[in-house]
Amino acid sequence: MIPTYVLWIIALFLAIKYSIKKPSNLALVFKSFIILIIAGLAYYVPSLLPVFKLPQPTGKYSVGTNDLELTVNRDEIITENPNDKRSFMIKTWYPTTDLSGKQDLYIDKGGRNGFAMKYGLPISMLDYLDQVDTHVYRNAAIENESFPVLLFSHGYNSKANGYYALLSEVASHGYIVFAINHTYESTGSTFIDGKEVYFDNHFAQKIETDTWQIIVPIKDAFKTKISFEERQPIVKKALTTYFVKDIVNRWAQDIVDVSNVLQQYNSTGFFKDKLDMTRIGVFGHSRGGGAAGHSLLLPSSIKAGVNLDGVQWGEIADTTFQKPFMFVAADWPEEHENLNQHAYINKSSSYFYEGLIKNSAHSNFMDIPYMVPEQSISEAGTIQADMAISISSSLVTSFFDKHLKEKPIDLLLLNSEFELLELKVFEGDSIRIKN
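Position one of the sequence shown corresponds to residue -19 (the numbering used here), numbered consecutively onward.
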């Protein structure tokens, strides 16, 4: 299959060729100019959007995937219909040895359409994604074992399909991942009946209007170089009042709602007797990471959680985690306030982990650095995409291996395995640090 952008370039060339009938000097100059543009496009466009290569999962298992649709008994506050109930899609990733079926296509139709709308692209420009080798098999038979369950929450105006490298790697190590697509706040969802739902820009603008002033005192306090202790109440006020905390709360409830129906999935259907209901964890990226953290503060069967580079908006600064928790940060510049230092001031009464992936940026937890290798556009760090995924997935699997599978693992050994990782562990009420 020829990528669509190549067809556009050929069509443009032919249109120019046959539209200039007389070879006047002006026409020749114009034609030469257009040919230069076409040559530039032919070189640059494929480099921006190549048929990229995702890493092969390294775990014991291959990975299968399917989709679930869930409607819960909560009012949908984003839509205007007062009778709407909260409904969302869940993409599952699970261990398999069945490689007889078709590979999963990279990003479903709703996600592609939403991505194209987000960046102002013609949808046909994303046809090349059909050529991406996802290493994931659609509707493959699940391995005949019971596995721990991990719930995953994506970033704002993103979706779980944008995390193939991370989620397939985690699943290959013996986990069933339920990746929740937060309707109206993801790039797009395709429901079972074919209905597509996209990011609701109108709602996003409505909840964000006139809220920036809540953040301004944080920036002002940081610039004046007052002490951490003096900045703490300023930051805490913003963490508990800024509009994003309502999104985090809403998504955390989505997470808990999914955890509450896992027993139904384990009783009948595709996942019958495959979900280890005693071993449930949660992780997420960006805003989804904050939601993962907040879900641990709500009543649920979730045992442990991981936040990948998300701000922990909400009430955490007034309390502490009672369950094992890990926060992994990208290598952010130091000229702005570190909000999570204030949010996580009380750490956890159990294990609390702080990780930093050096030379990484916010998008390095996603597939974006593979999809868009131009660093200035992808906003990735200088770290190699494969290395970033290797570190982040190792942190996630090692954390849950220890706290769900109860393996005798010392996560600090990862520091010697990855020179770009800085990991600290705090343990118990005394918050004793291990180096």
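The beta carbon of each residue, even a glycine, is placed where N, CA and C say it ideally should be. In this text, all values refer to a predicted model and were calculated from it rather than measured experimentally.
When the alpha-carbon of Asn119 is set against those of Trp73, Leu401 and Ser126, the nearest one is in Trp73. At a cut-off of 4 residues, the continuous stretches assigned as alpha helix (DSSP H) that sit fully inside the region 166 to 197 are 181 to 188. Counting only residues of its own chain and dropping the five nearest sequence neighbours on each side, Val157 has a CB closer than 7 Å to the CB of Thr72, Trp73, Leu130, Phe132, Leu147, Val150 and Ala151. For Pro128, the enclosing beta strand (DSSP E) covers residues Phe127 to Ser133. The Cβ atoms of Val238 and Leu375 lie no closer than 8 Å to each other. Fully enclosed alpha helix (DSSP H) runs of no fewer than 4 residues occupy 319 to 323, 348 to 351, 355 to 358 and 365 to 383 of the region 301 to 387, in order along the chain. Sequence-distant partners of Arg92 (beyond 5 residues in either direction) whose C-beta falls short of 6 Å from its own C-beta, in its chain, are Leu106. When the alpha-carbon of Leu79 is set against those of Gln193, Thr45 and Ala218, the nearest one is in Thr45.
C-alpha of Val236 to C-alpha of Ser275: approximately 7 Å in a straight line. Contact between Asp84 and Tyr117 holds: CB atoms are separated by about 7 Å, below the 8 Å threshold. Assignment of Val112 by DSSP, reduced to helix, strand and coil, places it in the coil class. Judged by DSSP secondary structure, Val43 falls within the beta strand (DSSP E) whose first and last residues are Ser42 to Asp55. Annotation: the continuous beta strand (DSSP E) that includes Pro75 extends over Lys65 to Thr76. Taking the C-beta atoms as reference points, Glu176 is found nearer than 8 Å to Ser169. Ile214: member of the alpha helix (DSSP H) spanning Phe208 to Thr221, first to last residue. Spatial neighbours of Leu400 in its own chain (CB-CB distance under 8 Å, excluding positions within 5 residues in sequence) are listed in chain order as Ile337, Lys338, Asn339, Ser340, Ile363, Met367 and Ile371. In this structure, DSSP gives Asn137 a state outside helix and strand, which the three-state scheme calls coil. Within the same chain, Leu109, Val112 and Thr114 come within 6 Å of Tyr86 by CB-CB distance, once the 5 residues on both sides are set aside.
Between the alpha carbons of Arg230 and Asp55 lies a distance of about 11 Å. In this structure the region 292 to 308 does not touch the region 354 to 361; the number of beta carbon pairs closer than 8 Å is below three.
Scanning its chain for C-beta atoms nearer than 7 Å, with the 5 sequence neighbours on each side dropped, one finds around Ile103 the residues Arg92, Asn93 and Ala96, in chain order. Burial check for Phe208: the Cβ neighbour count within 10 Å stays below 16, so the residue is exposed. Taking C-beta atoms as the reference points, His322 and Asp289 fail to come closer than 8 Å. Proximity of the region 313 to 332 to the region 239 to 254 falls short of the contact definition, fewer than three beta-carbon pairs being nearer than 8 Å. Using a Cβ-Cβ distance cut-off of 8 Å, the region 211 to 226 and the region 282 to 296 are in contact, since at least three pairs of beta carbons, one from each stretch, lie closer than that value. Counting only the Cα atoms, Ala218 lies some 28 Å from Ala140. Beta-bridge partners of Tyr117 (DSSP): Gly44 and Gln83.
Nearest Cα to Leu255 within the set Lys82, Arg267 and Val241: Val241.
Nearest neighbour of Ile58 by Cα position, chosen from Ala309, Arg259, Lys82 and His182, turns out to be His182. The beta-bridge partner set that DSSP reports for His265 consists of Leu288. When DSSP states are grouped into helix, strand and coil, Asn161 belongs to the strand group. His162 and Tyr178 have their alpha carbons spaced roughly 10 Å apart.
In the three-state DSSP reduction, Lys404 falls in the strand class (E or B).
Burial state of His265 is buried, judged by a 10 Å Cβ sphere holding 16 or more other Cβ atoms.
Contact between Lys327 and Phe406 holds: their C-beta atoms lie close to 5 Å from each other, under 8 Å.
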